[in-house]
Amino acid sequence: MYGEDAESALRFLFNAMAPKTRSDFPFQGRPKMLYLDNGPVAKSHVFQNVMQSLKVDWLTHTPAGKDGTRTTARSKGKVERLFRTVKEAHETLYHFHKPETELQAKEWLWNYLSRYNALRHRSEKHSRLEDWLENIPRDGVRDMCSWEQYCRFAREPESRKVGVDARVTIDGTAWEVKPDMAGETVILLWGLFDEEMYVEFTGETWGPYYPVSGPVPLHRYRTFRRGKAAERAARIHALARQLNIPISALSGSDLRVVSDDTQQRIDELPHQPFDARKFEYHFPGVIAAKLAIADDLAIPLARMSDEDRAFIDRILAETLNRSEVLARIRDYFRNRQSGEDHAG
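As numbered in the working numbering, the sequence shown has no gaps in its residue numbers, which increase by one up to the final residue, 358.
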């Protein structure tokens, strides 16, 4: 996490709660509660909205002081202790073998975490991994949603008035919305992890919208002149590179930290699937759905055959779920077109 901000915290939480690619690292799932400091993350409305959507409660640190009225410091150093453990026990080994690529550095970190969790628990007689497996709820691990669904949750609302040209200008960048919104006050939903923008207007959510004009980002940064502190650090790094240890201390190629019984318990871990159906976007009505279908197929419904229009009416009578409707429509017309081409 680079600093104490909501965006970094939410990105870290998704990586922590999402399933891992390694079979010997089962840590995943949405917790029932998070305990955090009274900092910018806990006060962020975006963080609170995401936690409510994921059904995760959060509790901040508010203990009373010795006099019974004064509260102690908002930070107790619990997170910093873990950062220091990784820094002193793992990152110091980079002085002996510097990772050649980012992928190699991540692989070494995975090996360190596997060894760390295979060590004995600080208060129990088994390892940290076995302690986590024994304390899993009876209903199983609450699965995490997909990254696309997570991006929908992580949106920051902002009230803006649309110009007469149906455009909204933010920091020199123009966004063009529907003509019906011209001159009206709308709620802009900014995505923290994507470039998409959604708009709430008259109780409906429209979008996504993308920039139509604005400054071109340079993605360049000025390099400062090296001072005495940087030169002294370079000399220390040069001395550190002269030391050496076996590379197996990082790669972990000759170690096996998970037993067969523990691996079997990991493979048989129960799960609670994440229900994303209620968070899907729905068309406000049948007319809006037909307009979206015509726009997606680039064919007016009036030019379609009676059979095609009847199929569309049957789907809209069953559901107005946007993704389900468009998926079934695309599948129907794609299969029909491929069949006609094959017959011809």
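We treat Cβ as the ideally placed atom computed from N, Cα and C, and that holds for glycine.
Small disclaimer: the values here were computed from a predicted structure and weren't measured.
Of the residues the options, the one placed nearest residue i, counting alpha carbons only
i	options	result
P287	P151, P193 and G43	G43
F167	I184, K46, W204 and T187	W204
P284	T74, P225, L334 and P151	P151
G186	S227, F215 and F293	S227
V155	P45, I307 and E294	P45
T276	E321, D19 and P40	P40
G266	S128, F347 and E21	S128
F215	R323, P193, E209 and D208	P193
Q256	N52, E282, A56 and F110	F110
D289	R98, R142 and L68	L68
E18	T74, E209 and A56	A56
K292	N335, R240, A316 and P298	N335
L147	S58, Q163, D320 and D38	D38
T74	V64, N63 and G53	G53
A20	A30, Q62 and P33	Q62
S262	V93, Q118 and A30	Q118
A161	E94, M31 and R249	A small correction: the amino acid at residue 161 is Trp; Ala does not occupy that position in the sequence shown. Among E94, M31 and R249, the Cα nearest to that of W161 is on M31.
R25	Y223, D208 and H251	D208
E144	M158, S273, D157 and F97	S273
Beta-carbon proximity check, residue i vs residue j, cutoff 8 Å
i	j	result
R259	L107	The amino acid occupying residue 259 in the given sequence is Ile; Arg does not appear at that position. Contact flag set, yes.
L359	H104	No statement about residue 359 is possible, as the shown extent of the chain runs from 15 to 358 and does not include it.
Y212	R169	yes
V178	A196	yes
V176	E198	yes
L370	V60	Here the chain comprises residues numbered 15 to 358, so residue 370 is not present and cannot be evaluated.
F325	Y164	no
P298	E218	yes
V70	L48	yes
A180	E172	no
A188	P225	yes
R142	N149	no
L264	N349	no
Beta bridge counterpart(s) of residue i as assigned by DSSP
i	result
L182	At residue 182 the sequence reads Val, which differs from the Leu that was named. The partner list for V182 (beta bridge, DSSP) reads W189.
H285	V155
Y212	L203
N258	DSSP lists no partner for N258.
Run of the beta strand (DSSP E) containing residue i, from where it starts to where it stops
i	result
R240	Note, R240: premise wrong, no beta strand (DSSP E); not H, not E.
Y108	No beta strand (DSSP E) holds Y108; DSSP gives it neither H nor E.
R44	Segment: none, R44 is in no beta strand (DSSP E) and carries neither H nor E.
R174	R169 to K175
L264	Taken as a continuous stretch (DSSP letters only), L264 belongs to no beta strand (DSSP E), being part of the alpha helix (DSSP H) at S262 to S265.
L73	D71 to T74
Boundaries of the alpha helix (DSSP H) in which residue i is found, first to last residue
i	result
L203	Per DSSP, L203 belongs to no alpha helix (DSSP H); it is in the beta strand (DSSP E), T199 to G205.
L127	E116 to A132
D327	D320 to E332
P54	P54 to K57
Y223	Unbroken run through Y223 is the beta strand (DSSP E), E218 to Y223; no alpha helix (DSSP H).
D310	V300 to L311
E148	R142 to E148
E294	Looking at the DSSP string, E294 is not in any alpha helix (DSSP H), and its letter there is neither H nor E.
R25	A20 to M31
The segment 290-310 / the segment 325-341 touching (three or more Cβ pairs under 8 Å): In short, these stretches touch, since the Cβ pair count reaches three.
Three or more C-beta pairs below 8 Å linking the segment 340-350 and the segment 307-318: By the C-beta criterion, the segment 340-350 is judged to be in contact with the segment 307-318, since at least 3 inter-stretch pairs fall below 8 Å.
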